[in-house]
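Just so we're aligned, residue 269 is where the sequence shown starts under our numbering, counting upward by one. Glycine residues also receive a C-beta, built at the ideal position from the N, C-alpha and C atoms. Below is one structure, written out as structure tokens; the observations come after it.
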Amino acid sequence: MTAPAPRPLLVVDAANVVGSVPDGWWRDRQGAATRLRDAVARLTGTGLPQLPGPLDVVLVVEGAARGVPDAPGVRVLAAARSGDDAIVDLVRQETAQRPAVVVATADRGLRDRVTALGAQIVGPRTLPYP
């Protein structure tokens with residue numbers, strides 16, 4: 269039996285996506301990241317207009333948002349230091365193995381770093397948050 273083909277990967281820059289919505293997230297960073305995790309979990313089956321499902325989702329958290337557990341369909345990666353560096357490392361590892369790697373962020377510096385590695389970009393408003 270052959271292994272299933274790898275699915276596209278959506279990498280979510282949690283700090284950037286949560287920070288794009290002025291809803292008081294700064295008072296409860298872990299709660300905001302948990303709400304985002306739950307919202308993007310729906311995308312594993314449906315995908316996005318520019319990235320049809322099914323797909324794998326990795327939510328990258330940092331700082332006070334560390335401690336958010338995985339959820340069905342969403343792997344949570346707690347960055348040891350910089351969330352951007354963790355995203356770049358993940359993209360570097362995954363681009364050769366996946367049909368597509370898409371990063372959800374509006375961070376210009378991060379966008380430049382991951383597109384240089386072959387990733388595509390979507391903006392925070394592409395995701396179902398809040």
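Reduced DSSP secondary structure (H/G/I, E/B, other) of residue i
i: Arg310; result: coil
i: Pro392; result: helix
i: Ala271; result: coil
Close Cβ partners of residue i (< 6 Å) along its chain, the five nearest in sequence each way excluded
i: Ala300; result: Val286, Trp293
Endpoints, beta strand (DSSP E) assigned at residue i
i: Arg343; result: 342-346
i: Leu378; result: Segment 376-383 is the alpha helix (DSSP H) holding Leu378; no beta strand (DSSP E) there.
i: Val370; result: 369-372
Contacts around residue i, its chain only, beta-carbon distance under 7 Å, and the 5 residues preceding and following it disregarded
i: Val359; result: Val279, Val369, Val371, Val382, Leu385, Ala387
i: Ala374; result: Asn284, Ser288, Gly391, Pro392
Distance CB(residue i)-CB(residue j) smaller than 9 Å
i: Asn284; j: Leu345; result: no
i: Val326; j: Val336; result: no
i: Pro274; j: Pro367; result: yes
Start-to-end residues for the alpha helix (DSSP H) that takes in residue i
i: Asp324; result: Asp324 -> not in any alpha helix (DSSP H); beta strand (DSSP E) instead, spanning 324-329.
i: Val286; result: 282-287
Beta bridge counterpart(s) of residue i as assigned by DSSP
i: Leu319; result: Leu316
i: Leu278; result: Val325, Val370
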